[in-house]
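**Student:** Residues -23 to -1, 1 to 319 in mature numbering (1 follows the signal peptide of the UniProt record, and there is no 0) are what the sequence shown spells out, letter by letter.
Below you will find the structure I want to go over with you.
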Amino acid sequence: MGKFLILIVSVLIILAGCSNSKANGTAEGTKELVLAHNQPTNHPVHKSLVDFKERLEKKSNGRLKLKIYANGQLGSEREVIEMTQTNAIQFTKVSASALESFSESYSLFSMPYLFKSPKSYRAIMKKPEIQKAFFNTTEDNGFIGITYYDAGVRNMYTKDRIIKTNADMKGLKTRVQPSKTSVQMIDALGGTPTPMSFSEVYTALQSGIIDAAENNETALTDNKHGEVAKHYFYTEHAMVPDILIMNKDAYDQLTNQEKKWLKEAAEESTVSHEKRWDKQVKKAIETAKEDMDVEFHEVNKASFLKAVKPLQEQFKNNKETKEQYELIKEVEKNEQNKKFNR
Ligand code: GCU
């Protein structure tokens, strides 16, 4: 999508917002809210956002309406966060990594091997005390977190290089999200980190600007990276959640009842997302293998863990993230004890 078109659409949205009454309301009391994100409409996260929209509109009897712009139509994650900050749009869904430069707490999610397993990650992320510890940290930036969506386990993938241990990453030009922690992680692993926005990855792989990237399996199929990257490695180095954020003023302007509908719709869509996600990841693996000739490999994970140990230690002692880190570990411990008690 050309920058010019993005600009025109953004201006139209802002103008539409201005012509409405204060809370983006219409004469009949309906509120029109706008959400933008960067995934295509066949992606599980988009489908879960549609689920959120449908639940919200149904619960509120059409009083709250949501318009979704998918596919990065309104810009990169950074750009849509900024639009959410100024209330040009009310919501966006971005990776927690993109929020790192607005609140350092979110950098924790890009810390390699923070969570023990996908199962414990989901259990932890759904806890209200965990969400509270992150979601309100961006209030001064003009937005808050509303819910999270599982965005899978992130793994390395390359055009042609075979990775067995982290030593094989030496000099590998690897795309990372524009996040300081992700840069530090690839550095620690011996690769050459190249931060860029998600929409640029396909062409960068194709043209050789990068040799590798890291993401969940749906990037191969839904985002077509498997057309150019033929090797996928289960390094399982991070589980970075997607976060639904909302402009703070727009949230404050909702009545208590509307806030309740919003919260319920968001939470329900987070839960329904899990099955949708698992199903689509399974399908992505099949499609990547069968139709795109992508090969899936196991790696020596111990070598990766060893290489990032100093970075993990740095996080454990970082004043800005210490509290959230300890909370996550405490919840994790309780979750494990629960299992043993059964
Ligand atoms: C995931 C995430 C996106 C993000 C992307 C990335 O797919 O869901 O929100 O943009 O990773 O690596 O940039």
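Heads up, the beta-carbon is just placed ideally off N, CA and C, and yes, glycines get one too.
CA-CA distance, F86 and S72?
**Tutor:** Approximately 10 Å between the Cα atoms of the pair.
**Student:** Within 10 Å of its beta-carbon, does K(-2) have 16 or more other beta-carbons around it, so buried, or fewer, so exposed?
**Tutor:** A caution first: K(-2) carries a pLDDT of 39, below 50, which makes its placement in the model unreliable, though a value can still be read off. Exposed, by the Cβ-count rule.
**Student:** I want to know whether the stretch 32 to 44 touches the stretch 237 to 252 - three or more CB-CB distances under 8 Å.
**Tutor:** They touch, by the three-pair rule.
**Student:** Return the first residue and the last residue of the alpha helix (DSSP H) that H274 is part of.
**Tutor:** Segment 272 to 275 is the beta strand (DSSP E) holding H274; no alpha helix (DSSP H) there.
**Student:** Does any heavy atom of the ligand GCU sit closer than 7 Å to the C-beta of E194?
**Tutor:** No, since every heavy atom of the ligand GCU falls outside the 7 Å radius drawn around the Cβ of E194.
**Student:** Please check the pair P21 and M102, which I expect to be a contact at CB under 8 Å, by giving their CB distance rounded to whole angstroms.
**Tutor:** In fact, because the Cβ distance is near 16 Å, the residues do not count as touching under 8 Å.
**Student:** State the Cα-Cα distance for the pair S249 and D28, rounded to the nearest angstrom.
**Tutor:** Approximately 8 Å, taken between the alpha carbons.
**Student:** For Q301 and Q291, what's the separation of their Cα atoms in angstroms?
**Tutor:** Those two C-alpha atoms are separated by around 14 Å.
**Student:** Would you say the beta carbon of E54 is closer than 7 Å to some non-hydrogen atom of the ligand GCU?
**Tutor:** Yes, the ligand GCU has a heavy atom inside 7 Å of this Cβ.
**Student:** Counting C-beta neighbours from all protein chains within 10 Å, is the total for K35 16 or more, i.e. buried, or is it exposed?
**Tutor:** Flag for K35 reads exposed.
**Student:** Is the distance from the Cβ of S53 to the Cβ of S159 below 8 Å?
**Tutor:** Going by C-beta atoms, S53 is not nearer than 8 Å to S159.
**Student:** Roughly how many whole angstroms lie between the Cα atoms of M146 and D127?
**Tutor:** Their backbone Cα atoms lie some 27 Å apart in a straight line.
**Student:** By DSSP's criteria, R131 is part of a beta bridge. Which residues make up the other side?
**Tutor:** DSSP output for R131 lists A215 as bridge partner(s).
**Student:** Name the DSSP beta bridge partners of K70, please?
**Tutor:** Answer is L221.
**Student:** Which residue wins for smallest C-alpha separation from M133, given the options I187, T63, I66, S176?
**Tutor:** Ranking I187, T63, I66, S176 by Cα distance to M133 puts I187 first.
**Student:** Provide the residue span of the beta strand (DSSP E) that contains A190, from first to last.
**Tutor:** From DSSP, the beta strand (DSSP E) with A190 extends over 189 to 192.
**Student:** Count the CB pairs spanning the stretch 280 to 289 and the stretch 219 to 227 that are closer than 8 Å, and state whether there are at least three.
**Tutor:** Too few Cβ pairs lie closer than 8 Å, so no.
**Student:** Measuring CA to CA, which of K256, E204, Q108, M60 is closest to N118?
**Tutor:** Comparing Cα-Cα distances from N118 to each of K256, E204, Q108, M60, the minimum goes to M60.
**Student:** Would you mind listing the beta strand (DSSP E) stretches within the stretch 227 to 304 that are 3+ residues and don't spill past its ends, in chain order?
**Tutor:** Fully enclosed beta strand (DSSP E) runs of 3 or longer: 272 to 275.
**Student:** Return the CA-CA distance between Q67 and K44, expressed in angstroms with no decimal places.
**Tutor:** Near 10 Å, if we compare the C-alpha coordinates of K44 and Q67.
**Student:** For the stretch 43 to 128, list the beta strand (DSSP E) runs that are entirely contained and at least 3 residues long, ordered along the chain.
**Tutor:** Runs found: 68 to 72, 120 to 126.
**Student:** Only counting the same chain, and skipping five residues up and downstream in sequence, which positions put a Cβ closer than 7 Å to that of Q161?
**Tutor:** For Q161, where only same-chain residues beyond five positions count, the Cβ hits under 7 Å are L288.
**Student:** DSSP on Q313, reduced to helix/strand/coil?
**Tutor:** Correct three-state label for Q313: helix.
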